[in-house]
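A.B. asks:
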Amino acid sequence: MSSVNKYHIDLTNPSTSPLNEANQDLNNNAKNSQTHKIGRQFEDPTEEDNIIISHQLRKESITPPEKVLFRCKYGYPAVTLAGCAKKKQGTIVPGTLLWLTCPRRSNLVSHLEQTKFLKDLENEYIVEKSQDLVTSHENFRAHMRGVLDRERYVKWVSSNSVKDPEVKEEDIPVKRYGNAGVSAAVSVKCMHAHVAGFTAGVDDPVARRGIQETALRHITDIEDIEDVLKTAQEEGDDSLRHLMDCPAKCVLCSSLPRDHKYRRLRKRKRDKNAGNETTQEGHTNTRATKKAAPQTEDTQQ
């Protein structure tokens, strides 16, 4: 693997993208091995993965995720395992554990959430299919039992009410349900959370319906999407999980450095570097000036 220095993120230079370099390495590796990892995974992120994820999330720097749980058909991270951003010492903050990093998936699901579909789906499941919803939460809990270590799993499920990691499964009070960690078993959460769980391998009928509806409503760059969706449904969930992959080589990922939000990050980085250079040339900051200022007669009194 390439060293981290090769993939140093220079936001001041829009003409060079470390994502393109990582793309080239993946292309070279694919030519050499003829295969690269795709689909469901459970592996530590590489340095290249972390750089790609920082581009996907439009951030200068990220806290590396704990695991990569799914890769698109081009081998890039699409779903990761990461703890909630808010942390308390000795506790697990109940919240989202699985995250959609793929910008295409996230964007498509956001379009779906802006429609009435999610509310109608929630009403349908609460009124007619509440047991299916409870079962999907149980499936997620079973999936996370194999992903998290025992202590963290117990704290997450019980919302930190159980401190003994050796407690029997049947004695753990379940206070959090599903990927977003809501407190009600009959609840449809953020569709991003459902899709992330399903993509990572959880049997989730809500996410399955969401992906199907997204394909029909919002995927406009794949010809004969109805036939493609029908084929994916016939082939099973593994094909459905790849339905929202980019139709061409990482279209959205490669466009991120030109995104308007990313340009603001580059400008902020340039301004910060310019300020550092000014300080290095001998212009001390205000705090340093106050510290070095000699005492006056008033202060001496």
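Counting in the working numbering, the sequence shown runs from 108 upward without gaps.
Note that beta-carbon positions come from the ideal geometry of N, C-alpha and C, so glycine has one too.
A quick note: this is a predicted structure, and the numbers were derived from the prediction, not measured.
(1) Give every residue of the same chain whose Cβ lies closer than 7 Å to the Cβ of residue 168, excluding the five residues on either side of it in the sequence, and list them in chain order.
(2) Anyone know if the C-beta pair for residue 232 and residue 281 falls short of 8 Å?
(3) What is the residue span of the beta strand (DSSP E) that residue 176 lies within?
(4) Given a cut-off of 8 Å, decide if residue 336 and residue 322 are closer than it, judged by their beta-carbon atoms.
(5) Answer with buried or exposed for residue 249, where buried requires no fewer than 16 other C-beta atoms within 10 angstroms of its C-beta.
(6) Suppose the cutoff is 8 Å on Cβ atoms and the five residues either side in sequence are ignored; what does the same chain contact list for residue 279 look like?
(7) Considering only residues of the same chain and omitting the five flanking positions on each side of residue 311, which have a CB-CB separation below 6 Å?
(8) Whole angstroms are fine: how far does the CA of residue 237 sit from the CA of residue 313?
(9) What first and last residue would you give for the beta strand (DSSP E) that runs through residue 336?
(10) Beta-carbon within less than 6 Å of residue 147's beta-carbon, same chain only, minus the 5 sequence neighbours each way: which residues are those?
(11) Check the DSSP bridge columns for residue 187 and list the partner residues they point to.
(12) Can you find a C-beta in chain E that's less than 8 Å from the C-beta of residue 305?
(13) Which residue or residues does DSSP assign as beta-bridge partners of residue 284?
(14) List the endpoints of the continuous beta strand (DSSP E) containing residue 146.
(15) Could you tell me which of 348, 247, 165 and 150 sits nearest to residue 187, measuring between CA atoms?
(16) Thinking just about the alpha-carbon of each residue, which of 252, 293, 189 and 204 is nearest to the one in residue 234?
(17) Could you name the residues of the same chain whose beta carbon sits closer than 8 Å to that of residue 274, not counting the 5 residues immediately before and after it, in chain order?
(18) What are the boundary residues of the alpha helix (DSSP H) that residue 235 is part of?
(19) Among the candidates 207, 341, 158 and 315, whose CA atom is the shortest distance from the CA of residue 170?
(20) So within the stretch 241-267, which uninterrupted alpha helix (DSSP H) runs reach at least 4 residues, ignoring any that extend past its ends?
C.D. replies: Walking through what the data contain:
(1) 161
(2) no
(3) 174-178
(4) yes
(5) exposed
(6) 261, 264, 265 and 269
(7) 243, 301, 304 and 305
(8) 11 Å
(9) Run containing residue 336: none in the beta strand (DSSP E); it sits in the alpha helix (DSSP H), 332-342.
(10) 177 and 308
(11) 175 and 206
(12) Within the model displayed, chain E is absent; a lone protein chain is all it includes.
(13) 289
(14) 146-150
(15) 150
(16) 293
(17) 261
(18) Element bounds for residue 235: n/a, residue is neither H nor E.
(19) 158
(20) 257-265
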